[in-house]
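Respectively, the protein sequence lines represent chains A and B.
Position 267 (the first sequence) corresponds to 267 in this note's numbering; numbering is contiguous.
If you want this note's numbering, it's the position in the second sequence, counting the first as 1, plus 1000.
Every residue gets a Cβ at the ideal spot worked out from N, C-alpha and C, and that includes glycine.
The next block holds one structure in the form of structure tokens; read it before the comments.
There are 2 protein chains.
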Amino acid sequence: MEFTLTEDRFVETMQTQAEIGGTENGGLHRLALSDEDKEVRDWFHERMERAGLDVRIDEFGNMFGRREGTRDLEPVLVGSHLDSQPYGGIYDGALGTVAALEFVRELNDRGIETERPVEIVNWTNEEGSRFQPTLQGSGVWAGTLDVAEQYAVTDEDGVTVEEALERIGYKGDHPAEPATDYDSYLELHIEQGPYLESNEKDVGIVTGIVGLTWGEITFYGEANHSGATPMHHRSDAMVAAADVVTQVRRIPSTLGERTVGTVGSVHVQPDSINVIPGEVSVTYGFRDANAETIREAEKRVLREAEAAAEREGVTFEHEDRASADPVYFDDRCVDAVRRAADELHYDSMEVFSGGVHDATHADEVCDAGMVFAVSEDGKSHTEAEYTSWEDCYSAANTLARAALKLATDDV
Amino acid sequence: MEFTLTEDRFVETMQTQAEIGGTENGGLHRLALSDEDKEVRDWFHERMERAGLDVRIDEFGNMFGRREGTRDLEPVLVGSHLDSQPYGGIYDGALGTVAALEFVRELNDRGIETERPVEIVNWTNEEGSRFQPTLQGSGVWAGTLDVAEQYAVTDEDGVTVEEALERIGYKGDHPAEPATDYDSYLELHIEQGPYLESNEKDVGIVTGIVGLTWGEITFYGEANHSGATPMHHRSDAMVAAADVVTQVRRIPSTLGERTVGTVGSVHVQPDSINVIPGEVSVTYGFRDANAETIREAEKRVLREAEAAAEREGVTFEHEDRASADPVYFDDRCVDAVRRAADELHYDSMEVFSGGVHDATHADEVCDAGMVFAVSEDGKSHTEAEYTSWEDCYSAANTLARAALKLATDDV
Chain A
1 MEFTLTEDRF VETMQTQAEI GGTENGGLHR LALSDEDKEV RDWFHERMER AGLDVRIDEF
61 GNMFGRREGT RDLEPVLVGS HLDSQPYGGI YDGALGTVAA LEFVRELNDR GIETERPVEI
121 VNWTNEEGSR FQPTLQGSGV WAGTLDVAEQ YAVTDEDGVT VEEALERIGY KGDHPAEPAT
181 DYDSYLELHI EQGPYLESNE KDVGIVTGIV GLTWGEITFY GEANHSGATP MHHRSDAMVA
241 AADVVTQVRR IPSTLGERTV GTVGSVHVQP DSINVIPGEV SVTYGFRDAN AETIREAEKR
301 VLREAEAAAE REGVTFEHED RASADPVYFD DRCVDAVRRA ADELHYDSME VFSGGVHDAT
361 HADEVCDAGM VFAVSEDGKS HTEAEYTSWE DCYSAANTLA RAALKLATDD V
Chain B
1001 MEFTLTEDRF VETMQTQAEI GGTENGGLHR LALSDEDKEV RDWFHERMER AGLDVRIDEF
1061 GNMFGRREGT RDLEPVLVGS HLDSQPYGGI YDGALGTVAA LEFVRELNDR GIETERPVEI
1121 VNWTNEEGSR FQPTLQGSGV WAGTLDVAEQ YAVTDEDGVT VEEALERIGY KGDHPAEPAT
1181 DYDSYLELHI EQGPYLESNE KDVGIVTGIV GLTWGEITFY GEANHSGATP MHHRSDAMVA
1241 AADVVTQVRR IPSTLGERTV GTVGSVHVQP DSINVIPGEV SVTYGFRDAN AETIREAEKR
1301 VLREAEAAAE REGVTFEHED RASADPVYFD DRCVDAVRRA ADELHYDSME VFSGGVHDAT
1361 HADEVCDAGM VFAVSEDGKS HTEAEYTSWE DCYSAANTLA RAALKLATDD V
């Protein structure tokens, strides 16, 4: 069967959503539960209803649209998120949500009835920019996060998630939990990495999501006069922290081909050109497809912190910030994506996701899988994020075809 | 001649000033031109008048008190500053100002007439905490800094120096410049370094002040997703900046025994645990008694920044922030201090000051010299700063005796 999306409409829908919260530089400013998020939610709501879907909003703002199947089976869930980073791109999240909408529109246009019901979804606050953590809506839905606790999370201005949901009218009536058992979950997302492009592929078959460990190390030295204190009399917290940065850069190369390590945040006290830093905190993060490798990376960075502290005559404290085991997607979902790409004659490759996605939480509820679209130069979380319409379309077709397979039990 | 200060009164005066802006932890919060600064100025003003001094306030708030000599000669100027760091100690600056006051009180008590007039001084804003730069009052007075420009400098709340001076009533009528030619300037200050204590000395004969160069290096990489971006695909500005920190720690050891180098401030953008730093700035500062060594240190750190930028695939910009040539005090001032310490049977040693002082600017106007008091553990710019009353008294006596020598042309 020939089954592809209507290309013009697909591109048109992508462009329309990109105007809601669109920035001067062609990016998106659509923080979770903001006015812009309300606007895009209203837009999505109207489009789902016009597509004949049975819309429900749960108490955490997750938006579902249901299209019945011919049989009383567990539904296939397809979607992503419409919120963005403060200055993000127009593809991250939106591409997967638009592709889900276009999938059901295409089913309607062609009069295709699926055996399983199909639901499409827009998850609340995937980005975790305004409210932490990331993947908040899907995490609550999957039961990994507690509704009451997440309601109480505040943004910089002290506004709680619950208040923000009420303000924009998206604290729905349905419980924030799976309304039914689900057969499977499929999500299309941009790769946010360079592998598809550098391998000249059309589309990526995602086999899993890397695990991660995040932590923070704070060194305590002695703030002192930068001129009057001789070098041998110093306890410089910044020098020890710099050693950690250097080692976090080095450790991945000793562990795995795809292991990554990053120091994203450094804070110095008292932060004066003229004073030896007395307190410096550095964050670290390691990711890998193998849980054991992640644990080893963390062990090594703590060993290096200890050595640096001893060298510089400072002390340190360590705090865990987050951790997640790697996710391995289910064979039937991965196969559905692979077969869809093959049948569409797209050049595909298997990739392991370096970033987390709502599929992480969906995988706790049902079988899950993902499709990746090419990210030019691997850029994301920036207005410069770019995927050509051709690559968007290939990935959306792959998603739609794979979802159709799952919904007709053709796997 | 036996000439020492009245010990009880000297300690009493030190304790009284320490109560003005005193903190819970025994330190001082007496920012330049604040309410606390006004209070200590009023106190000092009253004490100078009661000591029979002819008081004048210049248009930049510098406070002078003059005691006439027997001959029409250039005066000897003695003093320091009464302002403090946000949470500084009770000795920094105050010790030198109190010692100057006690010097003229002692002359009065003993009915000693000096050949030269003696002036004592409290300089405005030595610390440079609320308003930058440091040494502001003495810099304006010496003509190194421009009055109009310095009036316009603002604090964090947008208050200008001129407004702050007017508010506390210390924008005086006298021009901010030397009222006359001066014979010499003497200043007592705590060492702020560990050399006197570790050499078990009573007092320090300061032979000069180190020069310095301050600068800032900003690396520009590419902010990107910390999970999805492989290590070989990164342009991580933080990794390059960490190399600079490591090298600034190392470079002094290759140049000189007393060369020091410090990275005091590091700023990361976008500063998120989950994003590869796209922009990181690091400050650096080097100090040495030799101007050539300072230039060499700066040359080396820029070479290292270039190498780091190339390694990490980032670019960088360099900005000069400040520089000062080393000061070598005049022999007659250094000799006066040495002879005073010897005659008082204090165990002394020559030291080169690692920090800058108002004497830096005074040295541009007349011959200058300094006395250092022991700093326990070299601590300063912290509430934990400490000098025993015995060490304070020894240093104050050395200052007074040296000033008396200069004022009687006994050198």
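>> Within 10 Å of its beta-carbon, does Y328 (chain A) have 16 or more other beta-carbons around it, so buried, or fewer, so exposed?
In response: Along the first sequence, read from residue 1 onward, the residue named residue 328 (chain A) stands at position 328. By the 10 Å Cβ count, Y328 (chain A) comes out exposed.
> What are the boundary residues of the alpha helix (DSSP H) that includes L165 (chain A)?
Replying inline: Reading the first sequence from its first residue, position 165 is the one you call residue 165 (chain A). 161-167 is the span of the alpha helix (DSSP H), which, as asked, contains L165 (chain A).
> For the 8 Å Cβ check, are there 3 or more pairs between the region 1194-1212 of chain B and the region 1284-1297 of chain B?
Replying inline: Segments in contact, yes.
>> Taking a contact to mean a Cβ-Cβ separation below 8 Å, would you say V268 (chain A) touches V1280 (chain B) in this structure?
In response: As a first step, residue 268 (chain A) is located in the first sequence; it is residue number 268 there, counting from the start. As a first step, residue 1280 (chain B) is located in the second sequence; it is residue number 280 there, counting from the start. Between V268 (chain A) and V1280 (chain B), the C-beta spacing is not below 8 Å.
> Does any C-beta atom of chain B lie closer than 8 Å to the C-beta of I120 (chain A)?
Replying inline: Working through the first sequence from its first residue, we reach residue 120 (chain A) at position 120. No Cβ of chain B is located within less than 8 Å of the beta carbon of I120 (chain A).
> When the cut-off is 8 Å and only beta carbons count, does T6 (chain A) lie next to chain B?
Replying inline: As a first step, residue 6 (chain A) is located in the first sequence; it is residue number 6 there, counting from the start. No - not a single Cβ of chain B is within 8 Å of the one on T6 (chain A).
>> Suppose you measure from the CA of Y220 (chain A) to the CA of A240 (chain A); what does that come to, to the nearest Å?
In response: Translated into the one-based positions of the first sequence, residue 220 (chain A) becomes position 220. Translated into the one-based positions of the first sequence, residue 240 (chain A) becomes position 240. Cα-Cα distance, rounded: 10 Å.
> Buried or exposed: where does N1381 (chain B) fall if 16 or more other Cβ atoms within 10 Å of its Cβ makes it buried?
Replying inline: The sequence position of residue 1381 (chain B) within the second sequence is 381, counting from 1. It should be pointed out that residue 1381 (chain B) corresponds to His in this sequence rather than to Asn. Under this definition H1381 (chain B) is a buried residue.
>> Whole angstroms are fine: how far does the CA of K1299 (chain B) sit from the CA of I273 (chain A)?
In response: Within the first sequence, residue 273 (chain A) is the residue found at index 273, counting from 1. Within the second sequence, residue 1299 (chain B) is the residue found at index 299, counting from 1. So the alpha carbons of these two residues sit roughly 18 Å apart.
>> Using C-beta distances below 7 Å, list every residue in its chain close to V411 (chain A), excluding the 5 sequence neighbours before and after it, in chain order.
In response: Taking the first sequence and counting its residues from 1, one reaches residue 411 (chain A) at position 411. Interpretation of V411 (chain A) is limited by its pLDDT of 46, a score under 50 that renders its predicted location unreliable; no figure is taken from the coordinates.
> D108 (chain A) lies in the alpha helix (DSSP H); which residues open and close that run?
Replying inline: In the first sequence, the residue the question calls residue 108 (chain A) occupies position 108. A quick correction: the sequence has Asn, not Asp, at residue 108 (chain A). Note, N108 (chain A): alpha helix (DSSP H), 94-110.
>> At the level of alpha carbons, what is the spacing between N1062 (chain B) and Q1085 (chain B)?
In response: For the purposes of this step, residue 1062 (chain B) is identified with residue 62 of the second sequence, where counting begins at 1. For the purposes of this step, residue 1085 (chain B) is identified with residue 85 of the second sequence, where counting begins at 1. Roughly 18 Å separates the two Cα atoms.
> Relative to the alpha-carbon of I1217 (chain B), which residue among B:P1230, B:D1157, B:V1282, B:V1260 has its alpha-carbon at the smallest distance?
Replying inline: Here residue 1217 (chain B) refers to the residue found at position 217 of the second sequence. When B:P1230, B:D1157, B:V1282, B:V1260 are compared, the shortest CA-CA separation from I1217 (chain B) is found for B:V1282.
>> Among A:L107, A:E74, A:S129, A:G88, whose alpha-carbon lies nearest the alpha-carbon of R116 (chain A)?
In response: The count along the first sequence starts at 1 and reaches residue 116 (chain A) at position 116. When only C-alpha atoms are compared, the closest one is A:E74.
> Near Q1247 (chain B), what residues of its chain come up, given a Cβ to Cβ distance below 7 Å and the 5 sequence neighbours on each side ignored?
Replying inline: Taking the second sequence and counting its residues from 1, one reaches residue 1247 (chain B) at position 247. Excluding positions up to five away in sequence, the list reads V1301, E1304.
> What is the DSSP secondary structure of V1202 (chain B), reduced to helix, strand or coil?
Replying inline: Here residue 1202 (chain B) is taken as the residue at index 202 of the second sequence, counted from 1. The sequence given here places Asp at residue 1202 (chain B); Val does not occur at that position. Coil at D1202 (chain B), not helix or strand.
>> Output needed for A1289 (chain B): all residues of its chain with C-beta closer than 7 Å, excluding positions within five of it in sequence on either side, in chain order.
In response: For this step, residue 1289 (chain B) is matched to residue 289 along the second sequence. Closer than 7 Å at the Cβ level, and outside the excluded window around A1289 (chain B), lie G1208, V1210, R1258, P1326, F1352.
> What residues in the region 1247-1264 of chain B bring their beta carbon closer than 9 Å to a beta carbon of chain A?
Replying inline: Per Cβ criterion, the list reads V1248, R1249, P1252, S1253, E1257, R1258, T1259, V1260, G1261, T1262, V1263, G1264.
> Can at least three beta-carbon pairs, one atom from the region 52-69 of chain A and one from the region 357-371 of chain A, be found at a separation below 8 Å?
Replying inline: At 8 Å Cβ cutoff, the stretches do not touch.
> Which runs of the beta strand (DSSP E) spanning at least 3 residues fall entirely within the region 1232-1312 of chain B, listed in chain order?
Replying inline: Runs of the beta strand (DSSP E) lying entirely within the region 1232-1312 of chain B, each at least 3 residues long, are 1260-1262, 1266-1269, 1279-1288 in chain order.
> What are the residues of the region 265-291 of chain A that lie near chain B, defined by any Cβ-Cβ distance shorter than 7 Å?
Replying inline: Listed by position, the residues of the region 265-291 of chain A near chain B (Cβ gap below 7 Å) are S265, V266, V268, D271, S272, I273, N274, V275, I276, P277, T283, G285, R287.
> Nearest to P1230 (chain B) by CA position, among A:G69, A:V206, A:Y182, A:R287, is which residue?
Replying inline: Position 230 of the second sequence, counting from 1, holds the residue named residue 1230 (chain B). It is A:R287.
> What is the rounded straight-line gap between the Cα of H225 (chain A) and the Cα of D271 (chain A)?
Replying inline: Position 225 of the first sequence, counted from the start, is the residue given in the question as residue 225 (chain A). Position 271 of the first sequence, counted from the start, is the residue given in the question as residue 271 (chain A). Taking the Cα positions, H225 (chain A) is about 12 Å away from D271 (chain A).
> Okay, do the region 1369-1376 of chain B and the region 1384-1393 of chain B touch, 3+ Cβ pairs below 8 Å being the bar?
Replying inline: Taking 8 Å as the limit for Cβ pairs, the verdict is that the region 1384-1393 of chain B does touch the region 1369-1376 of chain B.
>> Tell me the rounded alpha-carbon separation between V1098 (chain B) and V153 (chain A).
In response: For the purposes of this step, residue 1098 (chain B) is taken as the residue at position 98 of the second sequence. For the purposes of this step, residue 153 (chain A) is taken as the residue at position 153 of the first sequence. Taking the straight line joining both Cα atoms gives about 54 Å.
>> Given this structure, state the Cα-to-Cα distance separating G1137 (chain B) from F1044 (chain B), to the nearest angstrom.
In response: Here residue 1137 (chain B) corresponds to residue number 137 of the second sequence, with the count starting at 1. Here residue 1044 (chain B) corresponds to residue number 44 of the second sequence, with the count starting at 1. If you take the alpha carbons of G1137 (chain B) and F1044 (chain B), they lie about 17 Å apart.
>> So, with DSSP's three-state summary, where would you put V411 (chain A)?
In response: Counting from one through the first sequence, the residue named residue 411 (chain A) turns up at place 411. Note that V411 (chain A) scores a pLDDT of 46, beneath 50, so its modelled location is shaky; the value from the coordinates is reported in the next line. In the structure shown, V411 (chain A) falls within a coil segment according to DSSP collapsed to helix, strand and coil.
> For A1100 (chain B) versus G1128 (chain B), is the C-beta spacing smaller than 8 Å?
Replying inline: Locating residue 1100 (chain B) in the second sequence gives position 100, counting from the first residue. Locating residue 1128 (chain B) in the second sequence gives position 128, counting from the first residue. No, Cβ-Cβ distance for A1100 (chain B) and G1128 (chain B) is not below 8 Å.
> Taking 8 Å as the CB-CB cut-off, is L135 (chain A) touching chain B?
Replying inline: Counting from one through the first sequence, the residue named residue 135 (chain A) turns up at place 135. With a threshold of 8 Å between beta carbons, L135 (chain A) makes no contact with chain B.
>> Please return the same chain residues whose Cβ sits closer than 8 Å to the Cβ of T1398 (chain B), not counting the five positions on each side in sequence.
In response: What you label residue 1398 (chain B) is simply residue 398 of the second sequence in a count that begins at 1. Closer than 8 Å at the Cβ level, and outside the excluded window around T1398 (chain B), lie L1188, V1203, V1337, A1340, A1341, L1344, Y1346, S1348, V1371.
> Which chain B residues sit within Cβ distance under 8 Å of V210 (chain A)?
Replying inline: For this step, residue 210 (chain A) is matched to residue 210 along the first sequence. By Cβ distance, chain B contributes G1227.
> List, in order along the chain, the chain B residues whose C-beta lies closer than 7 Å to that of K379 (chain A)?
Replying inline: Counting from 1 along the first sequence, the entry for residue 379 (chain A) is found at position 379. Correct list: N1224.
>> So, for R234 (chain A): in the same chain, excluding its five sequence neighbours on each side, which residues have a beta-carbon less than 8 Å away from its beta-carbon?
In response: Indexing the first sequence from 1 puts residue 234 (chain A) at position 234. Here the set comprises G221, E222, N224, I276, E312, G313.
> What in chain A is Cβ-close to G1446 (chain B), meaning under 8 Å?
Replying inline: Since the first residue of chain B shown is 1001 and the last is 1411, residue 1446 (chain B) is not available in this structure.
> Within 8 Å (strictly less), CB to CB, does T1315 (chain B) reach chain A?
Replying inline: Here residue 1315 (chain B) corresponds to residue number 315 of the second sequence, with the count starting at 1. So, not an interface residue.
> Excluding five sequence neighbours on each side, which residues of the same chain lie with their C-beta closer than 6 Å to the C-beta of V260 (chain A)?
Replying inline: Position 260 of the first sequence holds residue 260 (chain A). Within the same chain, V260 (chain A) has close Cβ partners P252, R287.
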